[in-house]
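For reference, the structure is listed below as structure tokens.
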Amino acid sequence: MRKGDVLFMNMNQKQELSLFAEELYRYMSPATLNQLAIEAGGMKRKRKCHGHHFLSLCVWLNQQVATTSLTQLCSQLEASTGVLLSPEGLNRRFNSASVAFFRTVFTTLLQAKIGGVSKISHSLSSYFERIRILDSTTFQVPDRFAAMYPGAGGCSHKAGVKIQLEYDLLSGEFSDVKIEPGKRSDQAYGATRIDMIQKNELYIRDLGYFRLQDFKSIQDKQGYYLSRLKLPTKIYRKEFETVVFKTKPPQLKPVYIQIHLEDIMKQLQPGQVYELHDVYVGTKDKLPTRIVVYRCTEEQKQKRLRDRAIREKKKGITYTERTKLLQGITVYMTNIPTEWVPKEKIYDLYSLRWQIGVSR
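Below, the structure written as structure tokens:
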């Protein structure tokens with residue numbers, strides 16, 4: 206690496222690192238990070254490369270640490286922290302103890318984040334033993350890993366990795382962490398978690414995991430779910446009609462009448478919330494549920510339409526006019542009793558998963 210490159214990197218990275226360090230040290234001081242690294246077994250007390258140095262290198266100073274050469278990493282470490290380390294010495298630090306150190310740091314930061322946004326969830330602890338949120342993130346890896354981690358396609362890279370993470374919002378503990386091929390769908394992974402469902406637990410999931418069979422399983426096991434409704438899933442109300450027979454008494458026959466979301470949307474003002482009780486979703490196996498409809502503001506609607514237009518162009522698909530029209534509302538389905546969470550609070554409860562979503 207040329208001297209000019211090092212000086213340029215030194216100025217820019219030191220500025221960025223100072224901002225990152227300021228935020229990180231709100232929760233953990235350098236001394237705390239160093240102690241965590243020692244306890245994990247990855248660092249020695251008298252070594253010149255401490256835990257906070259190694260964390261900075263892997264998490265912040267280099268966004269492609271897996272593909273950057275050890276020599277370049279050592280140069281970046283020296284330029285930004287003043288720590289001089291040989292490529293061999295750095296290589297020895299990439300071990301299971303370092304993984305344990307990073308895991309501890311991540312868990313600590315996540316728990317601190319949860320503590321700041323979970324006032325709503327803690328108010329529900331008398332109803333739910335756990336509030337489990339399942340989320341994922343996908344990122345590209347070098348093509349040589351395509352056999353083990355095939356990507357989802359749609360880009361020049363053939364390989365991709367997906368991380369599935371499930372955590373309990375009440376305790377901050379991880380229920381499951383799994384690494385899998387980038388092409389595997391969230392829906393398929395969500396189905397593998399059905400056997401783990403427990404009574405009196407709430408499961409919050411986004412549209413990627415949407416499967417009516419999963420919601421039925423949660424309900425059958427006396428658990429609770431909260432999800433957005435995936436279009437074009439149909440909603441019905443149940444009525445009864447009298448069937449007259451010649452040789453036996455009249456009988457009541459259930460009839461399912463479809464409810465059209467377009468009609469509901471026309472009745473609502475921006476920001477207004479509407480609820481449907483005792484309704485059913487699904488054309489084949491109709492699942493009894495509770496529906497909450499939120500009318501988006503004009504700003505929210507326009508943003509959604511812009512995002513749809515980008516996806517249409519990127520993926521070469523065309524959304525139906527009905528799908529575009531219904532961008533004006535957000536529809537949630539849940540079996541949480543109204544007495545526990547009224548319709549006005551459903552949006553706030555679901556939005557907790559956005560505030561603590563998995564990111565790269």
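So the sequence shown is numbered by the working numbering: it starts at 206 and just counts up by one. All residues carry an ideal CB built from backbone N, CA and C; glycine is no exception. Keep in mind it's a predicted model, so treat the numbers as computed, not measured.
Checklist entry - Using the C-alpha atoms, what's the distance from G487 back to L417? => result Position 212 of the sequence shown, counted from the start, is the residue given in the question as residue 417. Position 282 of the sequence shown, counted from the start, is the residue given in the question as residue 487. Roughly 7 Å between the two C-alpha positions.
Item to check | Distance between L295 and T272 (C-alpha atoms, nearest Å) | outcome: Taking the first residue of the sequence shown as position 1, residue 272 is located at position 67. Taking the first residue of the sequence shown as position 1, residue 295 is located at position 90. The alpha-carbon atoms of T272 and L295 are separated by roughly 14 Å.
Checklist entry - Buried or exposed: which applies to D373, given that a residue is buried once 16 or more other Cβ atoms fall within 10 Å of its Cβ? => result If you number the sequence shown from 1, residue 373 lands on position 168. Buried is the call here.
Checklist entry - Sorted by chain position, which residues of the same chain lie with C-beta nearer than 7 Å to L492's C-beta, five sequence neighbours on each side aside? => result As a position in the sequence shown, residue 492 is number 287, starting the count at 1. Same-chain partners within the cutoff: L417, F420, K421, Y485, V486.
Checklist entry - Of the residues T343, S301, T543, which one's Cα is nearest the Cα of K383? => result Here residue 383 refers to the residue found at position 178 of the sequence shown. Among T343, S301, T543, the Cα nearest to that of K383 belongs to T343.
Item to check | alpha helix (DSSP H) runs wholly inside the stretch 447 to 509, at least 4 long, in chain order | outcome: 466 to 472
Item to check | DSSP bridge partner residues for Q345 (one or two, in chain order) | outcome: Residue numbering aside, residue 345 sits at position 140 when the sequence shown is read from its first letter. DSSP, once it has assigned bridges, lists G365 as partnering Q345.
Checklist entry - Among the residues of its own chain, which have a CB less than 6 Å from the CB of Q456, if the five just before and after it don't count? => result To locate residue 456, count along the sequence shown from 1; it is residue 251. The residues are V448.
Checklist entry - Just checking my contact of Y537 with R433 at CB under 8 Å: how many whole Å lie between their CB atoms? => result The sequence position of residue 537 within the sequence shown is 332, counting from 1. The sequence position of residue 433 within the sequence shown is 228, counting from 1. Their Cβ separation, rounded to whole angstroms, is 6 Å, which keeps Y537 and R433 in contact under 8 Å.
Next on the checklist: Starting from T539, trace the beta strand (DSSP E) in both directions and tell me its first and last residue.
Outcome noted: Position 334 of the sequence shown, counted from the start, is the residue given in the question as residue 539. Per DSSP, T539 belongs to the beta strand (DSSP E) from 534 to 539.
Next on the checklist: Going by beta-carbon coordinates alone, are L412 and V310 separated by less than 9 Å?
Outcome noted: Within the sequence shown, the letter at position 207 stands for residue 412. Within the sequence shown, the letter at position 105 stands for residue 310. Result no, Cβ atoms of L412 and V310 do not sit closer than 9 Å.
Checklist entry - Looking at the structure shown, is Y552 part of a helix, part of a strand, or coil, going by DSSP? => result Within the sequence shown, residue 552 is the residue found at index 347, counting from 1. Reduced to three states, the DSSP call for Y552 is helix.
Next on the checklist: Using a 10 Å radius around the Cβ and a threshold of 16 neighbouring Cβ atoms, would you call F306 buried or exposed?
Outcome noted: Translated into the one-based positions of the sequence shown, residue 306 becomes position 101. Looking at its Cβ environment, which holds 16 or more other Cβ atoms inside 10 Å, F306 is buried.
Next on the checklist: The beta strand (DSSP E) that contains K383, what's its start and end?
Outcome noted: In the sequence shown, residue 383 corresponds to position 178, counting from 1. Unbroken beta strand (DSSP E) run through K383: 379 to 386.
Checklist entry - When we look at the beta-carbon of Y414 and count the other beta-carbons within 10 Å, is it buried (16 or more) or exposed? => result Here residue 414 refers to the residue found at position 209 when the sequence shown is read from its first residue. That one is buried.
Next on the checklist: Could you pull the DSSP bridge partners for E371 from this structure?
Outcome noted: To locate residue 371, count along the sequence shown from 1; it is residue 166. Per DSSP, L339, D381.
Checklist entry - Does DSSP put Y232 in a helix, a strand or coil? => result Within the sequence shown, numbered from 1, the residue matching residue 232 stands at position 27. In this structure, Y232 counts as coil in the three-state DSSP scheme.
Checklist entry - Pick from K489, Q463, V497: whose alpha carbon is nearest that of Q477? => result Taking the sequence shown and counting its residues from 1, the one referred to as residue 477 is at position 272. When only C-alpha atoms are compared, the closest one is V497.
Item to check | Coarse secondary structure for K404, derived from DSSP in three states | outcome: Within the sequence shown, residue 404 is the residue found at index 199, counting from 1. Reduced to three states, the DSSP call for K404 is coil.
Next on the checklist: Taking the beta carbon of R259 as the centre, do at least 16 other beta carbons fall within 10 Å, making it buried, or is it exposed?
Outcome noted: The residue you call residue 259 lines up with position 54 of the sequence shown. For the record, residue 259 in the displayed sequence is Phe; it is not Arg. Buried is the call here.
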